[in-house]
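Visitor: I'd like to ask you about the structure that follows.
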Amino acid sequence: MTRRDRWTAGGVTAAAACVLAVAPCAPSGTVPAVAAVGVLSGVTATWPRSRAGLGWWAAAAGAVALAATAAHPQPAPVEAAAWRFAMAGALTLLLASAVRWAPSRRQVVAAVLLAGGAIAAWPLPFMPEASFLERVGACAFWSLPAAVAVVAGGYLRWGERRTRRAVDRARRAQRLELARDLHDFVAHDVSGIVVQAQAALFVAEGDPGRAASALRRIERSGLDALATLDRTVRMLNDPDGAHEARGADASGAGGGAGAPSLGPPPGLERLRDTVRRFGATGPARIRLTMADDAVRAASREAGTTAYRVVVEALTNVRRHAPAAADVRVSVARVRRSSGPALEVRVVNGPGDAAAPAPALPGAERDGGGRGLAGLGERVRAVGGTLSAGPCAAGWQVVAVLPCAGAADRTGAAS
């Protein structure tokens, strides 16, 4: 409703209040009607500023109506019925509006008690000879419009609150997703930069050529990290394409610098390139075993999660075991009681004692990101399991993910 429409509606109701004020009727009919219609016109004309005190205005109009009913117990003239009926209609609209939009709970309670009571009691002046039970029955009957107004306003208020909470939960989920993406992919590239910088320092004097090669790899990893951050900023500035951009943020981890296209989150199809880059930026020998049937059987959801498991595991190898001489990555299709599943296993062996590598700067920190804890939440969210711990070959991270996506599992269950 535009400002002009609000003032038009307010003017019409104000004119109606003036007509009621000069009507040849007892005060018990005109006073509460003028008060209710006048408040309604004022609220309409000054909306939305009037929302701040809407409950108090509705309560005040109801109090005037109740006072008029109590002050004039004598039989009201028949012509007053129309005006008191108009009063009841205006109070019903005010009551519904107060329950829907009043900012505080106290305003809502005051409006319900006073305005609702006035609506229920409006026929009492016309029942001077009725018995007590008849009066109670009349009030109960005419309280139905007030009850409908309260229910309608309360339902709309509850719906708005539920929508607001859903939006807040969605925003929080997006922030958590963004934090995980940054940790999973930027930390992967930055860890590679640190490893290459350390290698360059060791070989700078004895082999300048290898140092120059390490610097070129540092440059590529830095550009990859910057590309990921650029896509993140672009996603934050483009709310209409937030979902697609979020996938592109993730793909920036291995997509090279400056890749302009937005796409889905990276999955198993990107794993070979990621493993190759890891092997090129560190001393460890890395081997990848990935069955083609596992790639074909994995849903997009499972493939994306499997990719993140490998990236997090390789990042932890760089951070916590920089001297590891051997890293093995395997992706295979296995059979579980719940159906076909994807098993992702990353094993890093012990370091080369003859040529130990220095620990990565910051490897001793207590963890700025969620790491394996956040990864475990992600794996469990798709119905999988994650375990990490020592093994005969060194240290291993194992994830088992259902091949079917969440939508497929839900459909099968139903």
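For the record, in the sequence shown the residue sitting at position 329 is 329 according to the UniProt record's numbering, with numbers rising by one throughout. Even glycine gets a Cβ: it sits at the ideal position worked out from N, Cα and C.
Are T385 and V400 closer than 8 Å when you measure CB to CB?
Guide: Yes, Cβ-Cβ distance for T385 and V400 is below 8 Å.
Visitor: For my contact list, A115 and V37 are in at a C-beta cut-off of 8 Å; report their separation, rounded to the angstrom.
Guide: About 13 Å; that fails the 8 Å criterion.
Visitor: Does the region 311-325 come into contact with the region 337-352, if we say contact requires no fewer than three beta-carbon pairs (one atom in each stretch) closer than 8 Å?
Guide: Touching, yes.
Visitor: Mind checking V108: buried by the 16 CB within 10 Å criterion, or exposed?
Guide: V108 is buried by the Cβ-count criterion.
Visitor: Helix, strand or coil for residue 424? Go by DSSP, reduced to three states.
Guide: With the chain covering 1 to 414 only, the question about residue 424 has no answer from this structure.
Visitor: Look up E205 in the DSSP assignment and say whether it is helix, strand or coil.
Guide: E205 falls in the coil class under three-state DSSP.
Visitor: Identify the residues that DSSP records as bridge partners of R51: which are they?
Guide: Paired residue(s): none; R51 is not in a bridge.
Visitor: To the nearest angstrom, how far is the alpha carbon of A152 from that of S97?
Guide: If I take the Cα positions, the gap works out to 9 Å.
Visitor: Would you list the one or two residues that DSSP bridges to P340?
Guide: DSSP output for P340 lists R335 as bridge partner(s).
Visitor: In this structure, what does DSSP give as the bridge partners for R328?
Guide: R328 pairs with R287 and V347.
Visitor: Name, in chain order, the residues that DSSP records as bridge partners for residue 429.
Guide: As displayed, the chain neither begins before 1 nor continues past 414, which places residue 429 out of reach and without an answer.
Visitor: Can you have a look at L201 and say buried or exposed, based on whether 16 or more other CB atoms are within 10 angstroms of its CB?
Guide: Counting Cβ neighbours within 10 Å, L201 comes out exposed, since fewer than 16 surround it.
Visitor: Starting from L114, follow the alpha helix (DSSP H) in both directions and report where the run begins and ends.
Guide: Element bounds for L114: R105 to A121.
Visitor: Do you know how far the Cα of R165 is from the Cα of G349?
Guide: One C-alpha to the other measures close to 47 Å.
Visitor: Roughly how many angstroms lie between the CA atoms of A170 and A227, to the nearest whole one?
Guide: Rounded to whole angstroms, A170 to A227 spans 25 Å at the Cα level.
Visitor: Relative to the alpha-carbon of I286, which residue among L268, S330 and H320 has its alpha-carbon at the smallest distance?
Guide: Of the listed residues, the one whose Cα sits closest to I286 is S330.
Visitor: DSSP state of V400, grouped into three classes?
Guide: Strand at V400.
Visitor: Indicate whether A302 and P208 have their beta-carbon atoms separated by less than 8 Å.
Guide: No. Outside cutoff.
Visitor: Rounded to whole angstroms, what's the CA-CA distance from G383 to A211? Just pull it up for me.
Guide: About 45 Å.
Visitor: The alpha helix (DSSP H) spanning E269 covers which residue range?
Guide: Here E269 belongs to no alpha helix (DSSP H), and DSSP marks it neither H nor E.
Visitor: Name the one or two DSSP bridge partners that T385 has.
Guide: The partner list for T385 (beta bridge, DSSP) reads V400.
Visitor: Assuming A297 is part of the alpha helix (DSSP H), what are its boundary residues?
Guide: Segment D292 to A297, the alpha helix (DSSP H) holding A297.
Visitor: Taking the CB atoms as reference points, tell me whether A118 and A65 lie closer together than 8 Å.
Guide: Yes; because the gap between Cβ atoms is below 8 Å, this pair is in contact.
Visitor: Taking all protein chains shown into account, do 16 or more other C-beta atoms lie within 10 angstroms of the C-beta of P390, making it buried, or fewer, making it exposed?
Guide: Label assigned to P390: exposed.
Visitor: Please classify F141 as buried or exposed, where buried requires at least 16 neighbouring CB atoms within 10 angstroms.
Guide: Looking at its Cβ environment, which holds fewer than 16 other Cβ atoms inside 10 Å, F141 is exposed.
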